[in-house]
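Engineer: Residue numbers 941 to 1079, in the numbering used here, belong to the letters of the sequence shown in order.
Ideal placement from N, C-alpha and C gives every residue a C-beta, glycine not left out.
Please see the structure below; I have some questions.
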Amino acid sequence: RDPEAVRTLVKSIAEHVAAVPKRGLDYGLLRYGRADPDLAAAPHPQVEFNYVGRHDLSADPGAWALNIDPALNGLLPVASEPDLPLRYAFDVVSVVHATETGPRLLTSWRYSTALCTEADVDELTRLWSEALDVLAAAL
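This is how it looks when you write it as structure tokens:
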């Protein structure tokens, strides 16, 4: 909860991300397409995090639109493809959307019910929210 430590951490992360060639777009190509031996031997990620961006700034959603309705999002199954092999233990998707009070971050959590319980995910989402609150207060 130290604002200066948070700012230092965010700066360090931004520098680390900026140093990744081509913004990391080549990871899949290197790991799977060219079978880079170091990446091919690395353990598979347990979490997929996808920040979709600022949906509230999109002029035209095109042929499809994101689900930014929290109530509708809550009706989706926690395991989106339960009969398929797992790719990640957690699939976390965040998007910023417009509300009457301004931009708001909406995060969807999908997870394997074979690997964790609802209580586990409740604790993770609590920690996620707490971390975002601390981050927002520091910046």
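When you compare each of Leu979, Val950, Leu1026, Asn1013 to Leu1055 by their alpha carbons, which one comes out closest?
Structural biologist: Among Leu979, Val950, Leu1026, Asn1013, the Cα nearest to that of Leu1055 belongs to Leu1026.
Engineer: In whole angstroms, what is the alpha-carbon distance linking Gly1014 and Leu1064?
Structural biologist: Each residue's alpha carbon lies about 16 Å from the other.
Engineer: Among Ala1011, Ser1020, Val1035, Thr1047, which one has its Cα closest to the Cα of Thr1053?
Structural biologist: Ser1020
Engineer: Closest by CA to Gln986, which one among Pro943, Glu1070, Asp1031, Asp1009?
Structural biologist: Asp1031
Engineer: On a Cα-Cα basis, can you pick out the residue from Tyr1028, Val1018, Trp1068 that is closest to Thr1057?
Structural biologist: Distance from the Cα of Thr1057 is smallest, within the candidate group Tyr1028, Val1018, Trp1068, for Val1018.
Engineer: When DSSP labels each residue in this structure, what does Leu1046 get in the three-state scheme?
Structural biologist: strand
Engineer: Using three-state DSSP, classify Val960 as helix, strand or coil.
Structural biologist: coil
Engineer: If contacts are defined as beta-carbon pairs under 8 Å, then His956 and His995 qualify, I think. What distance do you get, rounded to the angstrom?
Structural biologist: Actually they do not touch by this definition, with Cβ atoms about 26 Å apart.
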